[in-house]
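In our numbering, the protein residues as written are 7 to 309.
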C-alpha cells in the first residue's frame, strides 16, 4: 500500500516527471506500456494485435487540459486518428478522457467536443469515455447519459472501487449503455471508495455478474487472474456465451495472459495509449501492479 500511494503521489509531481523524462532510458521504460508518441506509431502495434485476433482501443494520452486551444488541438488529433483508422481498416475503438476534451473548462465544451468525435466516428467506430478521479464521476456520467440519448456508438467506464458504482451499473443497464468495468487506478478517500483490495474484488465480481447477465457487450477490464476465473465461472454456471462480452487489458501488460484468452476463444480488446503526455499514465500503471515496477527496474539494470 505504501508503494502504491507513493507512486500515485509521484504521478502528479512535476519534479518527478521532469526527472523521469530527462532519463535517457525513459523511452525504453515507457515503450512497454505506451504504443508511441506520434499519431502514426500505434498503427503497427494495432495491426499486430489485430493479426492475433484482438481488437484495440486507441487513446491519445493527456488530461486536465485548461485552454480552449488545447482542447481544439486534441479534438483535431482525434479526428485525424479516426481517418487513419478507417484508411488502414483497423479493428479498433477510440477512448478519450473527458478532461482532455475540456471538462475542467466546462461541461458544455466537453460534451460538444465529444459530439464532434462521435459524429466523425459514425457509423462504424465506437467511442469509450474514460473515467478519471471521483471529482469527475458524476459530471462524466451526466455527459454520457446526455450523449447516449442521441448516439449509440458511445460507452462509459465504471470503477469497482467506488461505493456508488453498484447504483451506476443499474442505471447504465437501464439506459442500455455499454460499460467498461475496471477496478480503478486513482487515489481515493475511504469515504467514497473501498480501501481494501478484498472489498474491491468482491464488488468487482458483483458488478461483473450484473453486466454479464444484463449488460450490452460489457468490457471486463482486468489483469487479475482471480477476476478472470470468476468471470469464466459465471459464464459456465449460467450457460452464457463468450460472445456476449469481451475481456479488456492494457497494452504491454500480461501479454501471456492476453494470448491465453485469445487461444481459449474469448474476445479481447487491448487498451492502447499513445502520445507525449505519458507520464501520469505510466506512473499509475506502476502503482497498479508490482510486476510492472519490477519490469521497469529490470530495464534500468540491464542497460
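All C-beta atoms in this analysis are idealised placements derived from N, C-alpha and C, irrespective of residue type, glycine included.
Problem set entry | Cβ shell of residue 268 (< 8 Å), same chain only, five flanking positions each side left out | 58, 59, 60, 274
Problem set entry | Span of the beta strand (DSSP E), counted from its first residue to its last, around residue 171 | Element bounds for residue 171: not the beta strand (DSSP E) but the alpha helix (DSSP H), 171-181.
Problem set entry | Where residue 112 falls, given that 16 or more other Cβ within 10 Å makes a residue buried | exposed
Exercise. With a Cβ-Cβ cutoff of 9 Å, do residue 218 and residue 175 count as a contact?
Worked result: no
For this session: Would you identify the three-state DSSP class for residue 136, choosing helix, strand or coil?
Result: Three-state result, residue 136: coil.
Problem set entry | Residue of 279, 258, 166, 116 minimising C-alpha distance to residue 140 | Ranking the options by Cα distance to residue 140, first place goes to 166.
Problem set entry | Assigned secondary structure, residue 260 (DSSP; H/G/I helix, E/B strand, else coil) | coil
For this session: With DSSP collapsed to three states, give me the class of residue 59.
Result: Residue 59 falls in the coil class under three-state DSSP.
Exercise. So, do the region 232-240 and the region 197-205 have three or more beta carbon pairs nearer to each other than 8 Å?
Worked result: In this structure the region 232-240 does not lie against the region 197-205, because fewer than three pairs of beta carbons, one per stretch, are closer than 8 Å.
For this session: Would you mind sorting residue 195 into buried or exposed? The rule is 16 or more other CB atoms within 10 Å of its CB.
Result: exposed
Exercise. Between the C-alpha atoms of residue 81 and residue 114, what's the straight-line distance to the nearest angstrom?
Worked result: Taking the straight line from one Cα to the other gives about 15 Å.
Problem set entry | residue 20 burial status per 10 Å Cβ neighbour count (16 or more: buried) | exposed
For this session: Just tell me which of 64, 86, 36 has its CA closest to the CA of residue 279.
Result: Considering only alpha carbons, the answer is 64.
Exercise. Three-state secondary structure (DSSP) at residue 11?
Worked result: Note: residue 11 maps to helix in three-state DSSP.
Problem set entry | Alpha-carbon spacing of residue 146 relative to residue 286, whole angstroms | 20 Å
For this session: Within 10 angstroms of the Cβ of residue 24, are there 16 or more other Cβ atoms? Answer buried if so, exposed if not.
Result: The residue in question, residue 24, is exposed, as its Cβ has fewer than 16 Cβ neighbours within 10 Å.
Problem set entry | Span of the beta strand (DSSP E) around residue 101 | Residues 98-102.
For this session: To the nearest angstrom, report how far apart residue 187 and residue 134 are at their CA atoms.
Result: About 12 Å.
For this session: Could you name the residues that DSSP lists as bridge partners for residue 165?
Result: 188
Exercise. What are the boundary residues of the alpha helix (DSSP H) that residue 206 is part of?
Worked result: First-last of the alpha helix (DSSP H) with residue 206: 203-220.
For this session: Rounded to whole angstroms, what's the CA-CA distance from residue 305 to residue 29? Just pull it up for me.
Result: Here the model assigns residue 305 a pLDDT of 49, short of 50, so the residue's position is not dependable, and the following value carries that caveat. If you take the alpha carbons of residue 305 and residue 29, they lie about 12 Å apart.
Problem set entry | Alpha-carbon to alpha-carbon, residue 92 and residue 73 | 29 Å
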